[in-house]
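Q:
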Amino acid sequence: MKWRGLKAEAPRALTAHTDTLGAMVKEIKSNGRLKLTKIGGFAWNTVEGEGCTIFTRKGGSVRGSILMTKASIHVYGKEVNELKRDDDHMEVRLDARTTSLHETGVLGVNVGDFVAFDPRVETANGFLRSRHLDDKAGVACIMAAVKTLQTAQMQPTQTTYLQISNYEEVGHGASAGIPPEVVELVTVDMAAVSEGQTSDEFHATLCVKDSGGPYHHGLNQRLLELAEEYEIPHKIDIYPYYGSDGEAFWRAGGDVAVSLIGPGVDASHNYERTHMDSLMATTQWLVAYMLS
Ligand SMILES: [Zn+2]
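Residue numbers 464 to 755, in the working numbering, belong to the letters of the sequence shown in order.
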């Protein structure tokens with residue numbers, strides 16, 4: 464989406480991604496259960512026991528849960544602890560009467576059907592606990608920033624494009640869709656919170672380097688100056704195993720300054736959690752940037 468600014472000599476873009484982690488039906492097993500293939504990078508143990516929905520080709524859906532192939536401790540004893548969580552040892556148990564490939568087929572389930580994991584959203588004391596905060600939280604911050612300006616009947620200083628990408632978790636993200644006249648791209652994606660990281664759930668973080676190397680130094684400095692000027696709670700961090708929509712655009716040949724900011728997410732690609740303070744700080748930072 465294009466949002467006309469007061470000026471148009473240095474157009475900008477904001478991007479975040481709506482796609483999340485999930486799976487696809489790889490195979491219907493002879494016992495009627497489903498073998499899955501992962502979409503995005505996560506470990507099977509992070510979704511073990513989770514509820515899920517299989518979306519069938521004809522528009523239907525079937526509920527189920529993700530379990531190990533040897534789930535019952537009363538049957539398998541210590542094997543339940545020791546079994547490696549991998550594609551071959553995880554399956555979906557459907558909440559439908561089926562014990563065969565044929566019966567599951569009759570339910571409309573097919574190879575290639577998408578499988579969504581239950582987000583299990585819960586809020587308490589300002590915390591937001593849910594799967595898929597990466598990067599729904601980033602999208603929410605962009606939306607909130609835009610709404611803030613629109614409510615105040617303001618427009619961005621520079622013409623600004625809003626690009627919500629759909630393939631970030633598998634790598635190619637915002638590789639297409641950013642217009643060539645754009646000179647700056649601010650990617651909004653989660654900050655990785657854990658031991659050894661400066662990021663937390665109460666600040667917005669500027670990521671200066673991740674697996675794809677450093678982000679744009681000049682744009683980073685300007686964002687930090689804005690955060691200081693408007694007293695936005697912020698951190699600077701480096702993420703060891705991380706890629707972003709902005710880097711996907713760089714790899715596709717995008718010739719722009721790219722920075723990455725976002726809210727702190729604890730236990731990323733697992734059962735995630737953030738706090739309203741972090742979402743507010745990220746939103747304020749985006750508003751300050753758009754008005755700069
Ligand atoms: Zn992710």
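Idealized CB from N, CA, C, for every residue including glycine.
Using 8 Å as the threshold, is the region 652 to 666 in touch with the region 494 to 513, meaning 3 or more CB pairs across them?
A: no
Q: Restricting to runs no shorter than 3 residues, where is the beta strand (DSSP E) found entirely within the region 688 to 728?
A: 697 to 701
Q: Cβ of His732 within 7 Å of any heavy atom in ligand 1?
A: At least one heavy atom of ligand 1 lies less than 7 Å from the C-beta of His732.
Q: In this structure, does DSSP put Ile641 in helix, strand or coil?
A: coil
Q: Should Pro474 go down as buried or exposed, given a rule of 16 or more other Cβ atoms within 10 Å for buried?
A: Burial call: buried.
Q: Assuming Ala751 and Glu647 are in contact, meaning their beta carbons sit under 8 Å apart, how far apart are those beta carbons, in whole angstroms?
A: Not confirmed; about 14 Å, so no contact.
Q: Tell me, please, whether the region 558 to 578 touches the region 719 to 739 by the rule of three or more beta-carbon pairs shorter than 8 Å.
A: The region 558 to 578 vs the region 719 to 739: no contact.
Q: Can you name the start and end residues of the beta strand (DSSP E) that Gly527 belongs to?
A: Looking at the DSSP string, the run of the beta strand (DSSP E) that includes Gly527 is Ser524 to Met531.
Q: Taking only three categories from DSSP, how would you classify Asp597?
A: helix
Q: Could you tell me the alpha carbon to alpha carbon distance between Glu644 and Ala655, rounded to whole angstroms?
A: 31 Å
Q: Tell me, which residues are paired with Gly514 by DSSP?
A: Ser528
Q: Assign His680 to buried or exposed, taking buried as 16 or more other Cβ atoms, counted over all protein chains shown, within 10 Å of its Cβ.
A: exposed
Q: Kindly indicate which three-state DSSP category Glu490 falls into: helix, strand or coil?
A: Strand at Glu490.
Q: For the candidate residues Asp550, Val651 and Tyr704, whose alpha-carbon lies nearest to that of Ser628?
A: Val651
Q: State the Cα-Cα distance for the pair Lys672 and Asn683, rounded to the nearest angstrom.
A: 11 Å
Q: What does Val656 pair with, by DSSP beta-bridge criteria?
A: Answer is Asp729, bridged to Val656.
Q: Between the C-alpha atoms of Val649 and Arg736, what's the straight-line distance to the nearest angstrom?
A: 23 Å
Q: Below 8 Å, can you find three or more Cβ-Cβ pairs linking the region 704 to 711 to the region 551 to 565?
A: no
Q: Does His697 get closer than 8 Å to chain C when you measure Cβ to Cβ?
A: No chain C appears in this structure, which consists of one protein chain only.
Q: What does DSSP give as the partner residue(s) for Met553 in the beta ladder?
A: Answer is Met531, bridged to Met553.
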